[in-house]
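What follows is a set of notes on a single structure, which appears directly below.
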Amino acid sequence: MPLLHVIARGKIARSPEADLVARYLKRLAWPVKLTELPEAGGKVGEPLTPCRTVLLDERGKGVDSEAFAEILGRWRDDGVREIRFVLGAADGHSDDERAEADLLLSFGKLTWPHLLARAMLMEQLYRATSILAGHPYHRSG
Numbered sequence: 054m055p056l057l058h059v060i061a062r063g064k065i066a067r068s069p070e071a072d073l074v075a076r077y078l079k080r081l082a083w084p085v086k087l088t089e090l091p092e093a094g095g096k097v098g099e100p101l102t103p104c105r106t107v108l109l110d111e112r113g114k115g116v117d118s119e120a121f122a123e124i125l126g127r128w129r130d131d132g133v134r135e136i137r138f139v140l141g142a143a144d145g146h147s148d149d150e151r152a153e154a155d156l157l158l159s160f161g162k163l164t165w166p167h168l169l170a171r172a173m174l175m176e177q178l179y180r181a182t183s184i185l186a187g188h189p190y191h192r193s194g
C-alpha cells in the first residue's frame with residue numbers, strides 16, 4: 054500500500070477539525086504521514102520514487118468517492134509508493150505546481166476553510182480505502 058502523505062500549510066492546533074483529522078487518521082489502514090508547513094516557505098523532502106502528487110485546488114476535477122477510490126486503487130496496483138495530497142496556502146497553488154501535479158482535485162465549486170478541507174480530505178481517504186477493502190462504511194445508492 055502506498056504512503057498517503059498529507060501536506061498542508063498552517064497548524065491545525067486544537068479544534069473540532071483537528072478532532073476529525075485524528076479520528077480518521079486512527080481508522081485508516083493504509084500508512085499515513087501528516088506534514089504541516091508554515092504559512093509561507095518551508096519544504097518537504099524529495100518524494101519517494103515512484104510518487105504521485107495530488108493538489109487540492111479549486112480548478113481541479115470533481116470526482117465522486119468511488120472514482121476517487123478507483124484512482125487510489127490503480128496507483129496502488131501500479132506500485133506507487135507515495136501519494137502526496139497538498140493543500141496550499143490561502144492563495145492556492147502556482148501555475149507551475151498545477152502543471153507538475155498528477156491530479157488536481159476539487160471538493161466542488163464552493164470555497165472551504167483550509168482546516169475543514171483537511172478534515173474532509175482525511176474522511177475521503179478513509180472512505181476510499183474502505184471502498185477498496187470492501188468495507189461497508191461507504192454505501193452507494
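Residue numbers (my numbering): 54 to 194.
Just so it is clear, CB atoms sit at the ideal spot from N, CA and C, and this is done for glycine as well.
For clarity, every value in this text was computed on a predicted model and none was experimentally measured.
Residue i versus residue j - alpha carbon distance
i: G63; j: D148; result: 21 Å
i: L168; j: E70; result: 6 Å
i: T182; j: A122; result: 7 Å
i: D131; j: W83; result: 16 Å
i: M173; j: P91; result: 21 Å
Same chain, Cβ closer than 8 Å to residue i, five either side skipped, listed in chain order
i: W128; result: P55, R105 and I136
i: T88; result: H58, V59, I60, A61 and V97
i: A170; result: L109, L140 and F160
Boundaries (first-last residue) of the beta strand (DSSP E) holding residue i
i: G113; result: C104 to K114
Any non-hydrogen atom of the ligand MG closer than 6 Å to residue i Cβ
i: K162; result: Questions concerning the ligand MG fall outside what the structure shown contains, since it holds no ligand whatsoever.
Same chain only: Cβ atoms within 7 Å of residue i, ignoring 5 sequence neighbours per side
i: H188; result: none
Limits of the alpha helix (DSSP H) - the one that residue i falls within
i: R127; result: S118 to D130
i: T182; result: H167 to A186
i: L78; result: P69 to R80
i: R151; result: D148 to E153
Paired residues, beta bridge with residue i - DSSP
i: R62; result: L90
Cβ neighbours of residue i in the same chain (closer than 6 Å, five flanking residues each side left out)
i: L125; result: A181
i: H146; result: L108 and D110
Closer than 7 Å to chain D by CB, residue i
i: L156; result: The structure shown contains no chain D; it holds only a single protein chain.
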